[in-house]
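Chemist:
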């Protein structure tokens, strides 16, 4: 019986790659599902039929052309108004702490504090309602 060379016995055979090659992740497309009203769907369907394209192909340029980054509106507040907003945020924190305390030790223990905080919040909200 002839001996095999040491290289062929220790070297594994290369794995056969069958089938279609994998696509580069950068080339893959992602899908997005959206909901539209029946009337809007019929408009899109009619537009796609007019140019003889599938709806997805018809909608793609509409979506890509219509996306614009949105900026948060910046409120122009005076120093006094900013102070009131900070107070309002602090009162909201206090109310959350009081709610936690009420759940732990009972509602009777924090009832008066909650009423005082609620009045102060109401005053601040009235102020902002009058300003706006």
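Numbering (UniProt numbering), first residue to last: 1 to 132.
Cβ coordinates follow ideal geometry from the N, Cα and C atoms, glycine included.
(1) Would you say residue 77 and residue 121 are within 7 angstroms of each other, going by their C-beta atoms?
(2) Straight-line CA distance for residue 63 to residue 113?
(3) Give me the Cα-Cα distance between residue 138 and residue 39, rounded to the nearest whole angstrom.
(4) Tell me the residue span of the alpha helix (DSSP H) that contains residue 59.
(5) Check for me: the alpha helix (DSSP H) holding residue 87 runs from which residue to which?
(6) Anyone know if the C-beta pair for residue 75 and residue 124 falls short of 7 angstroms?
(7) Which whole-angstrom value is the C-beta distance of residue 117 and residue 96, which I expect to be below 8 angstroms?
(8) Which residues in the same chain have their Cβ closer than 6 angstroms to the Cβ of residue 98, if we skip the five residues on either side of it in sequence?
(9) What three-state label does DSSP hand residue 37 in the structure shown?
(10) Just to check my reading of the structure: residue 45 and residue 32 have Cβ atoms closer than 8 angstroms, yes? What is that Cβ distance to the nearest angstrom?
Modeler: Quick look at the numbers:
(1) no
(2) 52 angstroms
(3) Missing from the structure shown is residue 138; the chain here goes from 1 to 132 and no further.
(4) 55-66
(5) 79-105
(6) no
(7) Not a contact, Cβ separation roughly 10 angstroms.
(8) 110, 113 and 114
(9) coil
(10) Not confirmed; about 18 angstroms, so no contact.
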